[in-house]
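In our numbering, the protein residues as written are 5 to 499. First comes the structure, then the notes that go with it.
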Amino acid sequence: MGSNQPFLKFKFTMIIFVQKMSGDKLLLYHPFVSRKGIYGGKSVSGQPPQDETVELVAKYTYGTWRFQKGWKKPPHIVDAEGVYFTDASGKKFLDFSSQLMCSNLGHKNQALIDAIVEQAKKMPYIGPAYSIDIRAQVSKALVEVMPKGLEKYFYSTSGTEANEAAFKIVRMYQKPKGAYKIISRYTSYHGATAGSIAATGDPRRWFSEPTSKIPGVIFAPDCNCYRCPFRQEYPSCGITCAEYVDYMIKNEANVAAMIVEPVVGTNGVLVPVKEYLPRLKQICEENDVIFIADEVMAGWGRTGKWFAVDNWDVKPDIITTAKGSTGAYTPLGITATTRKIADYFEDNYFAHGHTYEAHPLAMSPVVAAINEYKRMHLLENAKELGKHMSKRLNELKERHISIGDVRGIGLFWAIEIVKDRKTKKPFNTRVDKATGAPLMVDKVAAELSKRGIIQSTWISHFVIAPPLIITKEQLDFGIDAFDEALRVADAEVER
Ligand SMILES: Cc1ncc(COP(=O)(O)O)c(C=O)c1O
């Protein structure tokens, strides 16, 4: 034993390090337990050698949406299966936010893997100008699940690109009447590049100002009953947040389109009141404004329907989507338009495209994914478990003074924490997030991580969006962990 002792001591030492992990929102606290088997034994110094994977990744690649100096030890993940993923120490985590709210079908689904392998063997790439079987099959399958009327598709490789394509399409389509402005909302995220970041309401946009974003985007108020921008109450408000958009369009003039997340995702799972989206669509129709539903996160069963707009029977002119379309097994973005919009481009140049448009591998798992959503009744599961979530999270709210609001639909929920329930004073602000100040949500997430739960956080709330294959027991395990972890926030409530 003797000479092994320093190592064994280290073996049982839990090092917690803070790490924002990729993408736009996941702040991951990772308990990293060193193990001889993983590190391959001790080094000459008697300490386990450094993890080379972590070093190479941190040294040679960028960590997204962060100060790079805070990304020196991105957690080393070695496996993922079902609703769990495993780090290099062998510790297993429940994936309570489906990575970036995208692994809807869980990890290592065999049907999807087989579909990708089959396409890779058949034809991994061919240019976008050709007819290929997979493109025909995916398009046919999409017509069946998309809201009626959305039947012509542009395929890209991310949600961001799906929105960029939508913006170019509406601006080309509306050019004859001179309309070019796009209305978005303050509490939103639509992507990382010039067009989609310009339409993003959250603080990630600030870093692109003034030069790295397109002009012509204006912001409307949000449909947020917990923090109503008009300080009104539903239903006596008369849905002012929707009516104000009519006022904006008429007074701005030259509005080409409005883009909304039907259920706001990263920015707090804001589920609109039932009148909101139908009225917004009607206002857009009356004013000849194209209505774009960004279903990159809210689509694909997350809310208990194929698409979130289906909950209110709204038919957008354009849907943009990505994540759940392939369960994140391949990178795919989809911009779906009506035939009316498509017809415009019969005699007008469709000035958009990519080398990887309709990439065969990107599209390869879509049909298998749709079949899996159906075979496992995942939309129904989301709906059913959504009722259970509602009950359990509302119980949590009664027990934890730091919870200001819980809200959600299907398997898409937010817990918003506040310093003071009466005034709704948040623990942290947008500025805190943008400047890298320590956030209370991250403290709570660290506690969750110790208990084997990986949870997405943003400013002053958690976005709970587990894979749709999750069971009630697994869900309860995560919520029970919240019950314990939230004590750290309760302790700092202003009394
Ligand atoms: C609503 C919404 N739109 C667009 C995007 C951008 O998608 P991507 O990260 O695939 O570019 C996201 C990403 O989280 C999103 O949530």
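For each residue, glycine too, the CB sits at the ideal point set by N, CA and C. Everything numeric in this text was worked out from a predicted model, so none of it was measured.
Which residue's Cα is closest to the Cα of residue i: the options?
i: Leu225; options: Gly440, Ile243 and His356; result: The amino acid at residue 225 is misidentified as Leu; the sequence shows Pro. The shortest C-alpha separation from Pro225 is found at Ile243.
i: Thr57; options: Ile81, Tyr66 and Gly482; result: Ile81
i: Asn375; options: Gly456, Trp75, Asn113 and Lys152; result: Asn113
i: Trp462; options: Met150, Lys391 and Val445; result: Val445
i: Gly195; options: Ile218, Phe416, Ala373 and Lys185; result: Ile218
i: Trp69; options: Ala438, Lys172, Ile263 and Glu477; result: Ala438
i: Lys144; options: Tyr157, Tyr134, Pro132 and Ala133; result: Tyr157
i: Tyr177; options: Asn432, Glu350, Met105 and Glu279; result: Glu350
i: Glu290; options: Ala297, Ala260 and Val313; result: Ala260
i: Lys378; options: Thr164, Lys172, Val149 and Ile474; result: Val149
i: Asp206; options: Asp494, Val435, Lys476 and Glu496; result: Val435
i: Gln54; options: Phe71, Tyr280, Gln72 and Pro78; result: Pro78
i: Leu281; options: Gln236, Tyr353, Met127 and Pro320; result: Pro320
i: Glu122; options: Lys476, Lys391, Leu146 and Ala372; result: Ala372
i: Asp298; options: Asp314, Ile263 and Asn315; result: Ile263
Could you have a look at residue i and say whether DSSP puts it in helix, strand or coil?
i: Ala84; result: strand
i: Thr57; result: helix
i: Ala348; result: Checking the sequence shown, residue 348 turns out to be Tyr, not Ala. Reduced to three states, the DSSP call for Tyr348 is helix.
i: Ser460; result: strand
i: Glu420; result: strand
i: Asp494; result: helix
i: Lys309; result: coil
i: Val264; result: strand
i: Ser7; result: With a pLDDT of 38 at Ser7, under the threshold of 50, the modelled position of this residue cannot be trusted; read the value that follows with caution. Correct three-state label for Ser7: helix.
i: Asp250; result: helix
i: Ala302; result: coil
i: Ile287; result: helix
i: Ala355; result: coil
i: Ala231; result: It should be noted that the sequence gives Arg, not Ala, for residue 231. It is coil, neither helix nor strand.
i: Ile468; result: strand
i: Tyr360; result: coil
i: Leu98; result: strand
i: Tyr280; result: helix
i: Ile294; result: strand
i: Lys217; result: coil
i: His392; result: helix
i: Asp206; result: coil
Is the distance from the Cβ of residue i to the Cβ of residue j below 9 Å?
i: Ala450; j: Ile322; result: no
i: Pro364; j: Ile136; result: yes
i: Asp317; j: Ile287; result: no
i: Ala246; j: Arg283; result: yes
i: Gly440; j: Ala485; result: no
i: Phe295; j: Pro151; result: no
i: Trp417; j: Leu443; result: no
i: Leu60; j: Leu382; result: no
i: Leu415; j: Ile345; result: no
i: Lys181; j: Asp292; result: yes
i: Asp494; j: His404; result: yes
i: Thr215; j: Thr164; result: no
i: Ser212; j: Glu168; result: no
i: Leu389; j: Lys254; result: no
i: Lys428; j: Tyr230; result: yes
Once the 5 residues before and after residue i are set aside, which same chain residues still bring their CB inside 7 Å of it?
i: Val275; result: Val267, Arg411, Gly412 and Ile413
i: His537; result: In this structure the chain extends from 5 to 499, so residue 537 is not present and cannot be described.
i: Ile120; result: Tyr333, Thr334, Leu365, Ser368 and Pro369
i: Asn228; result: Thr191 and Leu274
i: Val221; result: Ile186, Ser188, Ala202 and Ala203
i: Asp99; result: Val87, Tyr88, Phe89, Ser107, Ile458, Pro470 and Pro471
i: Val492; result: Lys447, Val448 and Glu451
i: Ala166; result: Ser160, Val300, Thr324, Thr325, Ala326, Gly337, Ile338 and Thr339
i: Lys387; result: Gly308 and Gly414
Give the C-beta separation of residue i and residue j to the nearest angstrom, bearing in mind that I take them to be a contact with Cβ-Cβ under 8 Å.
i: Glu265; j: Ala302; result: 6 Å
i: Glu498; j: Asp409; result: That pair is no contact at about 17 Å.
i: Arg306; j: Gly328; result: 7 Å
i: Leu479; j: Gly331; result: Wrong, their Cβ atoms sit about 19 Å apart, outside the cutoff.
i: Asn258; j: Ala140; result: Asn258 to Ala140, Cβ: 38 Å. No contact.
i: Gly153; j: Thr342; result: 5 Å
i: Val467; j: Met105; result: 7 Å
Leaving out five residues before and five after residue i in sequence, what residues of the same chain have Cβ atoms less than 8 Å from its Cβ?
i: Thr161; result: Pro335, Leu336, Gly337, His358, Tyr360, His363 and Ala366
i: Ile130; result: Ile136 and Pro364
i: Ala124; result: Leu365 and Ser368
i: Leu400; result: Ile407, Val410, Ile419, Ile483, Phe486, Asp487 and Leu490
i: Pro128; result: Pro364 and Leu365
i: Met252; result: Ile187, Ile222, Ala224 and Val259
Enumerate in chain order the residues of its own chain whose CB-to-CB distance from residue i is below 6 Å, with the five nearest sequence positions on each side excluded.
i: Phe277; result: Note that residue 277 is Val in the sequence shown here, rather than Phe. If we look at Val277 and ignore the five residues flanking it on each side, its Cβ neighbours are Tyr238.
i: Phe234; result: Thr244
i: Lys395; result: none
i: Gly45; result: Since pLDDT at Gly45 reaches only 35, below the 50 mark, its modelled position is unreliable, and the value read off the structure follows with that caveat. Cβ neighbours of Gly45 beyond the five flanking positions: none.
i: Lys29; result: In this prediction, Lys29 scores a pLDDT of 37, lower than 50, which makes its location untrustworthy; no coordinate-derived value is stated.
Less than 9 Å between CB atoms is the rule here; does residue i satisfy it with respect to chain C?
i: Asn258; result: The structure shown contains no chain C; it holds only a single protein chain.
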